[in-house]
Amino acid sequence: MFADTIAGALRRVGAATLDSLARLGFAARFSVAIVMHLPGAFRRLSLTLREIYFEGVLSLVIILVSGLFVGMVLALQGYDVLTRYGANESLGILVALSLVRELGPVVAGLLFASRAGSAVTAEIGLMKTTEQLSAMEMMAVDPLARVVAPRFVGGIISMPLLASLFSTLGIFGAYLVGVRLIGIDAGSFWGNMQAAVDFRYDILNGFIKSVVFGIAVSAIAVFEGYNARPTAEGVSSATTRTVVASSLSILALDFVLTVFMFRGVGV
Amino acid sequence: MPVVETAAVSPTCPTEIAVRLTGVTFGYDRARPVLRGIDMTVPRGRLVAIMGGSGCGKTTILRLIGGQLRAQTGTVCVAGEDVGALDREALFALRRRIGMLFQFGALFTDMSVFENIAFPLREHTELQEELIRDLVLMKLNAVGLRGAAQLYPSELSGGMSRRVALARAIALDPMLVMYDEPFAGLDPISLGIVGQLVRRLNDALGITSIVVTHDIYESLKIVDYIYFVSEGRIIAQGTPDEVRASHDPFVRQFVDGQPDGPVPFHYPAKAIGREFASHVR
Chain A
42 MFADTIAGAL
52 RRVGAATLDS
62 LARLGFAARF
72 SVAIVMHLPG
82 AFRRLSLTLR
92 EIYFEGVLSL
102 VIILVSGLFV
112 GMVLALQGYD
122 VLTRYGANES
132 LGILVALSLV
142 RELGPVVAGL
152 LFASRAGSAV
162 TAEIGLMKTT
172 EQLSAMEMMA
182 VDPLARVVAP
192 RFVGGIISMP
202 LLASLFSTLG
212 IFGAYLVGVR
222 LIGIDAGSFW
232 GNMQAAVDFR
242 YDILNGFIKS
252 VVFGIAVSAI
262 AVFEGYNARP
272 TAEGVSSATT
282 RTVVASSLSI
292 LALDFVLTVF
302 MFRGVGV
Chain B
2 MPVVETAAVS
12 PTCPTEIAVR
22 LTGVTFGYDR
32 ARPVLRGIDM
42 TVPRGRLVAI
52 MGGSGCGKTT
62 ILRLIGGQLR
72 AQTGTVCVAG
82 EDVGALDREA
92 LFALRRRIGM
102 LFQFGALFTD
112 MSVFENIAFP
122 LREHTELQEE
132 LIRDLVLMKL
142 NAVGLRGAAQ
152 LYPSELSGGM
162 SRRVALARAI
172 ALDPMLVMYD
182 EPFAGLDPIS
192 LGIVGQLVRR
202 LNDALGITSI
212 VVTHDIYESL
222 KIVDYIYFVS
232 EGRIIAQGTP
242 DEVRASHDPF
252 VRQFVDGQPD
262 GPVPFHYPAK
272 AIGREFASHV
282 R
């Protein structure tokens, strides 16, 4: 009896390990296949542009509104702390560096994963469930080239643009609160910001972060959709996995990238 | 018209036969084989039905013919080519000569009816847009839905979706069309229309057709030959007249719709005496 229990437990562990390895192997082959099909996404430019519209343009509302409010809150909180040290003229620097280096790419990435990543997974998963991907294969059209690659590239292009707009609206929100509402001098707000924010060190590194997050979210979204079980429950789980895995990847990658990019700040 | 590409003809596969399966076995895992030694021949120009209960492996046979699955043993020959031996490029070239209608149509939901049928033409030909328009409308006219060209799949009934999918399946003038449960879930009128379309298109276009279905009455009306599959084996076959006259227990159960017989009513289980009242012992 005891031996049976042990054997059953070992079998379950073995099956789970084999499943994980199979999934990892599929993910690796899938990644290689996407890379092979990337040039095709540019040949089918109209499809890629369509995905930029669905993933990027349709995410604008949530990105712009969130950016505005994050900037406004950042200004209120920043002003409160900076005033204690008599440094309230540095509000522009605080807001700009926070947004451009961290909050812009990270929060925009999290919102992008929730809004666009989940939609991509659900769409591809439903196409699989309703046999549209099989139909495409039977028509001698590769779904990786026709469906997956344009969505992947569309996400990579959209993400940095959305992060830039998020930071821009955040800075504008901070200006509204800091300068218009609280009354900080506009010259010192913009002047200090201009002097302190470095294009290569701050803006370019923030841009690189957003590109990396775009690759991570898009890869997870298309993989989960393509690998979803073809049932309603399977698509639902895949969509949830996309949001969870994308969010965790963004936060983990952000730490790793920050370590490499901003070592000069004392890490 | 569409480019027709041919790969090297396999010496083991005769070109005069549209589809031939020889000793084909297949299983998704080793413990549960789905197909166990299937032998099947579909001559060119014929309309053949594969029938059997749900989950008996009918659709798997279509997937093997289309190269979406590979047989574990045996050979699958389509138009003189050994499907299992083809590389991806050759397989795609073969698929351009095969049309397939999926169980619920599998229309692309983000495209109109017109765009759905134009899809294979745009992907595989360099035809001018005017010519594509004419071809699409001709295919739609053949299935009686020319007037529905601008509708979206969500606006179609089940029968209309099936007919649009049929028009899309014949868009590239294939040599073989496979139908996966074309009659499932249709009202009697739509069922009759789809059945007649399958027969008419087969004869008018000179194509070979394979219909996977469990609708015995509609099949007996339209097909040339029927294979019965049960538990992964072909257990009976014949022309519609032979099937009607058959005394084979499985065929009789299938044709007469009897709930119990060679296909048991109960799923395999422990003896009923051991299942119930076990606490008494």
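If you're matching them up, the sequences are chains A and B in order. So for the first sequence, this note's numbering puts the first residue at 42; every next one is plus one. So for the second sequence, this note's numbering puts the first residue at 2; every next one is plus one. Every residue gets a Cβ at the ideal spot worked out from N, C-alpha and C, and that includes glycine.
Assigned with DSSP and collapsed to three states, Ala128 of chain A falls in coil, not helix or strand. Note on the region 128-158 of chain B: whole alpha helix (DSSP H) runs with a minimum of 4 residues are 130-143, in chain order. When Cβ-Cβ separations below 8 Å define contact, Gln235 of chain A makes no contact with chain B. When C-beta distances to chain A are compared with 7 Å, every residue of the region 36-54 of chain B stays at or above that value.
Cβ-Cβ distances below 6 Å link Ala237 of chain A to Ile134 in the same chain, with the five nearest sequence neighbours on each side left out; the list follows chain order. Taking a 10 Å sphere around the C-beta of Ser287 of chain A, we find 16 or more other C-beta atoms and assign the residue as buried. For Ser155 of chain A, no beta strand (DSSP E) encloses it, and the DSSP letter there is neither H nor E. Annotation for Thr299 of chain A: the continuous alpha helix (DSSP H) segment containing it runs Ala273 to Met302. For Gly211 of chain A and Val106 of chain A, the gap between their C-alpha atoms comes out near 9 Å. Only those residues of the region 61-88 of chain B whose C-beta falls short of 8 Å from the nearest C-beta of chain A are listed: Gly67 and Gln69. For Thr170 of chain A, no chain B residue has a Cβ inside 7 Å of its Cβ, as the nearest lies near 10 Å away. Look at the region 25-111 of chain B and you find these whole runs of alpha helix (DSSP H), each 4 residues long or longer: 59-66 and 89-96.
At least one beta carbon of chain B lies nearer than 8 Å to the beta carbon of Met179 of chain A. Closest in alpha carbon position to Met234 of chain A, among A:Val194, A:Phe213, A:Ala149 and A:Gly150, is A:Phe213. In this structure Glu130 of chain B is exposed. Its beta-carbon is surrounded by fewer than 16 other beta-carbon atoms within 10 angstroms.
Close to chain B, meaning a Cβ-Cβ distance shorter than 8 Å, is no residue of the region 247-274 of chain A at all. For the pair of segments examined, the region 70-83 of chain B was found not to touch the region 232-242 of chain B: the number of CB pairs separated by less than 8 Å stays below three. In the structure shown, Ser100 of chain A falls within a helical segment according to DSSP collapsed to helix, strand and coil.
Met113 of chain A sits buried, since 16 or more C-beta atoms from the chains shown fall within 10 Å of its C-beta. By the Cβ-count criterion, Val54 of chain A is exposed, with fewer than 16 other Cβ atoms from all chains shown falling within 10 Å of its own Cβ. Under DSSP, the beta-bridge partners assigned to Ala237 of chain B are B:Phe229. Using a Cβ-Cβ cut-off of 8 Å, Ser175 of chain A is close to Gln69, Phe103 and Ala107 of chain B, given in chain order. Residues of the region 108-141 of chain B with a C-beta less than 9 Å from any C-beta of chain A: Leu108, Phe109, Thr110, Asp111, Phe120, Pro121, Glu124 and His125, listed in chain order.
The CB of Ile99 of chain B comes closer than 8 Å to the CB of Met179 in chain A, given here in chain order. For Phe93 of chain B, the chain A residues whose C-beta falls within less than 7 Å of its own C-beta are Ala181, listed in chain order. The criterion of a C-beta distance shorter than 8 Å is satisfied by Ile197 of chain A and Ser259 of chain A. When the beta-carbon positions are compared, Arg142 of chain A and Gly255 of chain A stay at least 8 Å from each other. The C-beta of Pro189 of chain B has fewer than 16 other C-beta atoms within 10 Å across all chains shown, which makes the residue exposed. Chain A has a Cβ within less than 8 Å of the Cβ of Arg96 of chain B. Sixteen is the threshold: when 16 or more other Cβ atoms of the shown chains lie within 10 Å of the Cβ of Asn129 of chain A, as they do, the residue is buried. Here DSSP, grouped into helix, strand and coil, assigns Tyr268 of chain B to coil. Pairing Gly266 of chain A with Met168 of chain A, the inter-Cα distance amounts to about 9 Å. Burial check for Thr214 of chain B: the Cβ neighbour count within 10 Å reaches 16 or more, so the residue is buried. Around the beta carbon of Tyr126 of chain A, fewer than 16 other beta carbons sit within 10 angstroms, so the residue counts as exposed. Measuring C-alpha to C-alpha distances from Ile62 of chain B to each of B:Leu167, B:Ser158 and B:Arg37 identifies B:Arg37 as the nearest.
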